[in-house]
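2 protein chains.
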Amino acid sequence: MVDLGLLVKSHRKKAGLTQLQLANLAGIGKTTVFDIEKNKETVRWSNILAVLQVLNIEVEFKSPLTENV
Amino acid sequence: MVDLGLLVKSHRKKAGLTQLQLANLAGIGKTTVFDIEKNKETVRWSNILAVLQVLNIEVEFKSPLTENV
DNA sequence: ATTGTATTACTGCTAAAACGGTAATATATG
DNA sequence: CATATATTACCGTTTTAGCAGTAATACAAT
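Each protein sequence line maps, in turn, to chains A and B. Each residue of the first sequence is one higher than the last, beginning at 60 in this note's numbering. Each residue of the second sequence is one higher than the last, beginning at 60 in this note's numbering.
Have a look at this one:
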């Protein structure tokens with residue numbers, strides 16, 4: 060697994076956004092953005108997806124069975 | 060985005076597991092496994108991770124900024 | 001067709017995530 | 001240093017995901 064929290068944080072910084080701005084853009088609460096950056100894994104998948112979309116981050120799943128997207 | 064539900068389902072089948080068995084192995088409820096396979100995005104990230112671990116599926120995040128893992 | 005198994009669907013209850021507010025700490029910036 | 005902004009942390013409240021139980025439907029297999 061990758062450090063999702065750090066990934067989100069670095070992308071947010073690169074985009075020049077504060078946690079609050081990112082939260083608003085993603086349509087979620089600031090606390091949740093904070094939690095995601097802290098790698099709290101009990102957040103909703105939908106909330107993570109919302110953040111990733113704003114930051115233009117894609118998700119890929121890989122396994123020995125999948126050589127595709 | 061990929062069809063995570065279908066991905067989980069196909070991997071589960073390949074592993075010869077029922078939803079209930081997968082749920083038990085992942086330490087979550089059968090309802091949640093069902094929800095994941097139905098692409099319900101309001102499930103907890105931790106529960107998705109638990110299922111992915113059992114099925115040996117890895118997660119990757121990609122963006123124009125990340126050429127690495 | 002019938003029996004068995006798996007999946008899908010629905011229902012309350014409970015636990016906890018999400019949230020805004022606020023406060024304290026940290027991190028700039030002048 | 002001082003001021004401003006951002007981050008981290010904590011706290012109630014509200015919302016809701018998670019869950020087991022159950023029932024109904026689908027799907028095999030005999």
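Yeah, the Cβ is synthetic: ideal placement off N, Cα and C, and Gly gets one too.
According to the DSSP assignment, E96 (chain B) belongs to the alpha helix (DSSP H) that extends over 89–96. With distances taken between CA atoms, L84 (chain A) lies nearest to A:L114 out of A:L124, A:S122, A:L114. When the Cα atoms are used, V92 (chain A) and L66 (chain A) turn out to be separated by approximately 12 Å.
For the pair V102 (chain B) and F120 (chain A), the CB atoms are not nearer than the 8 Å cut-off. Using a 10 angstroms sphere on the CB of V110 (chain A), the tally of other CB atoms reaches 16 or more, which defines it as buried. Among the bridge pairs identified by DSSP, T125 (chain B) is matched with B:S122.
For L108 (chain B), a Cβ of chain A is located within less than 8 Å of the residue's own Cβ.
Inclusion of E96 (chain A) and G75 (chain A) in the CB contact set at 8 Å is not warranted, their separation being larger than that value.
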